[in-house]
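Working notes, structure below.
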Amino acid sequence: MPKSLVRKALEGFQPYVPGEQPPDGEGWIKLNTNESPVPPSPKVLSAIKDAATDALRLYPSPTAAPAREAIALRFGLDPLQVAVGNGGDELIELCFRAFAGAGDTVAYPTPTYPLLEPLCRIHEARPSTHPTEEFSELPPSLAADPAPLKFIVNPNSPSGALFDQDAVEGAVAASSGVVVIDEAYVDFAPHSCLPLLERYDNVLLLRTFSKSYGLAGLRIGFALGPREVIETLSSVKDSYNVDRLAIVAAVAAINDEEHHRKLVDAVVHNRGELGAALAGMGFDVVPSATNFVFARPPKPAAGIVGALRERRILVRHYDREPIAGWIRITVGTRDQHDKLLKALKEVL
Ligand SMILES: Cc1ncc(COP(=O)(O)O)c(C=O)c1O
Numbered sequence: 061m062p063k064s065l066v067r068k069a070l071e072g073f074q075p076y077v078p079g080e081q082p083p084d085g086e087g088w089i090k091l092n093t094n095e096s097p098v099p100p101s102p103k104v105l106s107a108i109k110d111a112a113t114d115a116l117r118l119y120p121s122p123t124a125a126p127a128r129e130a131i132a133l134r135f136g137l138d139p140l141q142v143a144v145g146n147g148g149d150e151l152i153e154l155c156f157r158a159f160a161g162a163g164d165t166v167a168y169p170t171p172t173y174p175l176l177e178p179l180c181r182i183h184e185a186r187p188s189t190h191p192t193e194e195f196s197e198l199p200p201s202l203a204a205d206p207a208p209l210k211f212i213v214n215p216n217s218p219s220g221a222l223f224d225q226d227a228v229e230g231a232v233a234a235s236s237g238v239v240v241i242d243e244a245y246v247d248f249a250p251h252s253c254l255p256l257l258e259r260y261d262n263v264l265l266l267r268t269f270s271k272s273y274g275l276a277g278l279r280i281g282f283a284l285g286p287r288e289v290i291e292t293l294s295s296v297k298d299s300y301n302v303d304r305l306a307i308v309a310a311v312a313a314i315n316d317e318e319h320h321r322k323l324v325d326a327v328v329h330n331r332g333e334l335g336a337a338l339a340g341m342g343f344d345v346v347p348s349a350t351n352f353v354f355a356r357p358p359k360p361a362a363g364i365v366g367a368l369r370e371r372r373i374l375v376r377h378y379d380r381e382p383i384a385g386w387i388r389i390t391v392g393t394r395d396q397h398d399k400l401l402k403a404l405k406e407v408l
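According to the working numbering, the sequence shown is numbered sequentially starting from 61.
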């Protein structure tokens with residue numbers, strides 16, 4: 061687009077760059093975008109097939125009511141405490157629309173989810189970043205930051221580390237604005253911040269079906285929070301932000317707790333094996349509470365990542381401080397790990 065046509069605030073804008081998504085069926089081992097190695101529940105697939113009917117000529121429920129009700133039931137909440145979005149990413153963007161505009165600050169610890177920075181630019185908000193000294197330590201300065209909107213990704217990405225529960229609660233208690241706890245990966249962690257919903261009226265939890273339900277391709281996520289916060293969030297969304305197939309899939313997924321548990325247990329088990337194998341090869345490995353492992357190889361990362369790519373294995377590589385030289389590897393199947401580890405041995 062000619063530069064003169066771009067909004068002034070977006071001159072020099074650096075968009076969020078998602079991980080490489082090669083075409084399906086070309087034999088890539090994709091360990092770069094934290095998708096699930098386990099397929100979705102068969103009940104979800106059949107619910108989607110059943111919903112692929114003439115009824116698709118009709119708009120979906122504007123509030124994704126069946127999904128909100130099923131999610132509320134699952135978490136012991138009122139449906140008015142649940143919002144559903146086109147992936148967790150949409151809900152993050154809605155938080156900007158609802159709670160932080162031009163000139164406001166948006167506070168978060170760094171390093172974290174790189175989507176937040178471009179969203180600040182788009183909404184003309186100012187990022188107020190709080191560097192973490194240790195990956196697992198929430199910077200104490202975050203609590204005192206007067207920003208009307210704060211994000212805590214917990215467990216964090218790309219580190220995979222889980223912040224201390226009391227420190228997160230301290231940040232919520234000290235904040236007068238909205239504190240969003242992005243729990244995209246929390247199902248792989250030992251605990252969540254769900255109990256904070258009973259004690260605070262300024263906290264919002266974000267979840268997604270992309271990771272622990274194996275539904276990244278469907279684009280559905282949800283927010284849990286106080287009624288007023290959810291109402292505000294919902295008031296700024298697009299009319300029909302979640303389609304009919306995603307709504308029925310969300311209901312089927314949330315109701316198939318057995319499959320969900322199996323998926324999470326498999327990932328947690330494989331994560332332990334992968335972390336131990338990498339540590340045995342001389343990588344620095346951050347203890348992970350997610351479906352990925354963040355690690356620093358004993359040799360320069362760029363060469364290793366390039367050599368893996370030549371073997372059709374994709375991992376995420378970071379080249380900006382303070383995490384230059386680190387890589388993030390999604391937990392895969394045992395077979396994928398065998399191929400990855402064999403390739404790493406050759407490369408190292
Ligand atoms: C920290 C974090 N939050 C939110 C999301 C959003 O996930 P989705 O939009 O697929 O629900 C992701 C996806 O990778 C993530 O890493």
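The beta-carbon is built from N, C-alpha and C at its ideal position, and this holds for glycine as well.
Nearest residue (CA-CA) to residue i, options the options
i	options	result
residue 293	136, 213 and 157	157
residue 358	213, 96 and 387	387
residue 313	128, 65, 84 and 118	128
residue 152	403, 91, 264 and 93	264
residue 140	285, 331 and 342	285
residue 221	353, 73, 342 and 289	353
residue 390	74, 310, 90 and 180	90
residue 249	182, 406, 234 and 223	223
residue 168	206, 184 and 355	206
residue 171	403, 380 and 402	380
residue 355	337, 372 and 366	337
residue 418	133, 256, 378 and 399	Nothing can be reported for residue 418: it is not among the residues displayed for the chain, which extend from 61 to 408.
residue 154	269, 138 and 283	283
Residue i, DSSP secondary structure in three states
i	result
residue 124	coil
residue 242	strand
residue 259	coil
residue 188	strand
residue 234	helix
residue 358	coil
residue 139	helix
residue 210	strand
residue 283	strand
residue 247	helix
residue 377	strand
residue 113	coil
Own chain, CB closer than 8 Å to residue i, minus 5 neighbours either side, in chain order
i	result
residue 159	208, 209, 237, 238 and 292
residue 362	377 and 379
Own chain partners of residue i with C-beta closer than 6 Å, once the 5 adjacent residues on each side are dropped
i	result
residue 43	No statement about residue 43 is possible, as the shown extent of the chain runs from 61 to 408 and does not include it.
residue 364	357 and 407
residue 339	345
residue 196	221
residue 185	160, 164 and 166
residue 97	392 and 393
Close Cβ partners of residue i (< 7 Å) along its chain, the five nearest in sequence each way excluded
i	result
residue 175	76, 149 and 152
Inset, instruction - Please list, in chain order, all residues with a C-beta atom less than 5 Å from at least one heavy atom of ligand 1. - result: Ordered along the chain, the selected set is 147, 148, 149, 173, 213, 217, 242, 244, 268, 270 and 281.
Inset, instruction - Spell out a yes or no on whether the region 300 to 312 and the region 274 to 289 are touching, meaning 3 or more CB-CB pairs, one atom from each, closer than 8 Å. - result: Contact between the region 300 to 312 and the region 274 to 289 is present, because at least three Cβ pairs lie under 8 Å.
Inset, instruction - Report yes or no: do the region 250 to 265 and the region 112 to 121 share at least 3 C-beta pairs separated by less than 8 Å? - result: Contact fails: fewer than three Cβ-Cβ distances are below 8 Å.
Legend entry - the region 216 to 235 / the region 178 to 191 touching (three or more Cβ pairs under 8 Å): With the cut-off at 8 Å, the region 216 to 235 and the region 178 to 191 do not touch.
Inset, instruction - Assess, as a yes-or-no matter, whether the region 105 to 119 is touched by the region 321 to 335 under the definition of 3 or more beta carbon pairs within less than 8 Å. - result: Counting Cβ pairs under 8 Å, fewer than three are found: no touch.
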